[in-house]
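Student: Here it is, the structure, as structure tokens.
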Amino acid sequence: MASPISFKIKHQSKDSLARTGLLKTHHGEVKTPMFMPVGTLATVKSLSPEEITEIGSGVILSNTYHLALRPGTDIIQLAGGIHRFMQYSGPILTDSGGFQVFSLAKNRVITEEGVTFRNHLNGDLMSLTPEIAITKQKEIGADIIMAFDECIPFPAEYAYAKSSTERTLRWAARCIATPRASHQALFGIVQGGEFADLREMSAKGTTALPFDGFAIGGTSIGEPKPVFSSMLKAAIPHLPLEKPRYVMGIGSLDYILEAIGQGVDMFDCVLPTRLARHGALMTRQGRINIKDGEYEKDFSPIDSSCDCTTCKRYTRAYLRHLYRSDELLGKRLMSIHNLRFLIKIVEGARVAIEEDRFQDYAQKVLETYGDDRGF
RNA sequence: GGAGGCUUAGCGAAGCGGCCAAACGCAGCUGACUGUAAAUCAGUUCCUUCGGGUUCGGUGGUUCGAAUCCACCAGCCUCCA
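The opening residue of the first sequence carries number 3 in my numbering; numbering runs sequentially from there.
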């Protein structure tokens, strides 16, 4: 069957593995590499769909586990799908709930069949299996849906990583076999923990299945940067060049630039929005905490080079005031800034790739914006 | 005029003889956050040359030892005439 998305590589950088491309989905096309803001509960926290669009984001994420719990996929189906439900007309990707196998570890039991959660809202039992995860995602109706996997914690024992990765592979085949909507693309997820042989095995096994794109999961969960880097190196050479590659859950600049440099096209993260809600803002000088006393009388914008609406109109002193007063507008304005700031850096990366100077660009960005502290 | 109660760190409020530089909340200051159980979480807030030094309305006393007991003074509150 023809893929419901199309992905065309526009330019392969000559100075690195980085590449630019165009991803066409049922809800529009987006340039890659791209950063995808996370909107777990069918909302990028504090932002309206209009604001998300204005920021220049291509795809946004949502989450199967959370939406299945509330409001329930039946409600989203009744609404006519997630796009109509939340009034966002751009492309949407849903995560399968695999990350919640990791993040809600205390409340869950994993078996070959799938995962049983004691859900975090009222403690009721809830099951996710590959079949259920795909079916729920079909009901939600996103453009790109994800295979159901287990995000292995870091660090993990080799034996556990191996058995988990093999199980994720078996789950992948079941995901493929489960019907989805005709407009939906399905991405497989490479696991393997920090072990190169497992990453390779997982990549080969996953790409043997007819997925529309390939994600690398189990990253940015506490592993050091060199480990992250080698996780990618172990997997990416085994991914097909012509299909989109997605590293899940990375949001700091150093990780993003590392991934782009290795030929990754998509990434998502809660980091910019969460940091914004907590008063941590991205600037050319690195991260600042807007609540700090030094910004009390600082009537300059967060970052004078930023073109976001927050930086065009509002001062650090005002944002500090909003933050300390726990005013909603502060969270919104700062979320707009962090997202736009990050997306603009990725836009810059696209230009640099097409001019075959990505390495130089990445190095300059990291020098200017700080080090591994990232954002 | 009479009876009783209260006064603790920036604010509110525990403590009622030693384990009290004094719980807790707020406010303040700082840090963290990476496929969102996160408008959350953690640290910190008398002074210090890190040995210690000054605190619990004020003064004096009892005691080996007082924020805690007693006396007087000051301020505030309630009830009865």
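Quick reminder that beta carbons are idealized off the backbone N, C-alpha and C, glycines included. Please read all numbers here as calculations on a predicted model, not as lab measurements.
1) Using the three-state DSSP reduction, which class does residue 123 fall into: helix, strand or coil?
2) Mind checking residue 145: buried by the 16 CB within 10 Å criterion, or exposed?
3) Within its chain, find whatever has a CB closer than 6 Å to the CB of residue 369; leave out the 5 residues flanking it on each side and keep chain order.
4) Considering only residues of the same chain and omitting the five flanking positions on each side of residue 123, which have a CB-CB separation below 8 Å?
5) Below 8 Å on the Cβ atoms is my guess for residue 209 versus residue 241; work out the distance and round it to an integer in Å.
6) Does residue 7 pass the burial test, meaning 16 or more other C-beta atoms within 10 Å, or should it be called exposed?
7) Looking only at its chain, what residues have a beta carbon closer than 7 Å to the beta carbon of residue 66, apart from the 5 residues adjacent to it on each side?
8) Can you look up residue 227 in the DSSP assignment and give me helix, strand or coil?
9) Tell me which same chain residues have a C-beta within less than 7 Å of the C-beta of residue 374, skipping the five on either side of it?
10) Looking at C-beta atoms only, is the number of pairs between the region 151-163 and the region 191-204 that lie closer than 8 Å three or more?
11) Where do the ends of the beta strand (DSSP E) carrying residue 63 lie?
12) Leaving aside the five residues before and after residue 331 along the sequence, list all residues of the same chain whose C-beta is less than 6 Å from its C-beta, in chain order.
13) Would residue 151 be called buried (16 or more neighbouring beta carbons within 10 Å of its own) or exposed?
14) Fully enclosed by the region 137-194, which alpha helix (DSSP H) runs are 4 residues long or longer?
15) By DSSP's criteria, residue 128 is part of a beta bridge. Which residues make up the other side?
16) Report the rounded CA-to-CA distance for residue 379 versus residue 215, giving the unit in angstroms.
17) Out of 14, 18, 284, 27, state which residue places its alpha-carbon closest to the alpha-carbon of residue 365.
18) What are the uninterrupted segments assigned as alpha helix (DSSP H) that are 4 or more residues long and contained completely in the region 189-269, given in chain order?
19) Rounding to the nearest angstrom, what Cα-Cα distance links residue 271 and residue 353 in this structure?
20) In terms of residue numbering, what span does the beta strand (DSSP E) encompassing residue 11 cover?
21) Have a look at 201, 217, 28 and flag the residue whose alpha-carbon is nearest the alpha-carbon of residue 184.
22) Which residues mark the beginning and the end of the alpha helix (DSSP H) in which residue 293 is found?
23) Does DSSP put residue 298 in a helix, a strand or coil?
24) Which residue marks the beginning of the alpha helix (DSSP H) containing residue 352, and which one marks its end?
25) State the Cα-Cα distance for the pair residue 262 and residue 236, rounded to the nearest angstrom.
26) Alpha helix (DSSP H) containing residue 53: first to last residue?
27) When DSSP labels each residue in this structure, what does residue 35 get in the three-state scheme?
28) Whole angstroms is fine: what's the gap from residue 222's alpha carbon to residue 251's?
Tutor: The short version:
1) Three-state DSSP puts residue 123 in coil, outside helix and strand.
2) Buried, since its Cβ has 16 or more Cβ neighbours within 10 Å.
3) Same-chain partners within the cutoff: there are none.
4) 71, 72
5) 6 Å
6) The C-beta of residue 7 has 16 or more other C-beta atoms within 10 Å across all chains shown, which makes the residue buried.
7) 96, 97, 98, 99, 135, 138, 139, 142
8) helix
9) In this predicted model, residue 374 has a pLDDT of only 46, less than 50, meaning its place in the structure is not dependable enough to derive any value.
10) yes
11) 62-65
12) 324
13) buried
14) 160-179
15) 119
16) Residue 379 is absent from the structure shown; the chain starts at 3 and stops at 377.
17) 18
18) Those alpha helix (DSSP H) runs which fall completely within the region 189-269 and span 4+ residues are 198-209, 227-237, 255-263.
19) 22 Å
20) 8-14
21) Put simply, of 201, 217, 28 the residue whose alpha carbon is nearest the alpha carbon of residue 184 is 28.
22) Counting along the chain, residue 293 falls outside any alpha helix (DSSP H), and DSSP gives it neither H nor E.
23) In the three-state DSSP reduction, residue 298 falls in the coil class, being neither helix nor strand.
24) 330-356
25) 15 Å
26) 51-57
27) Coil at residue 35, not helix or strand.
28) 7 Å
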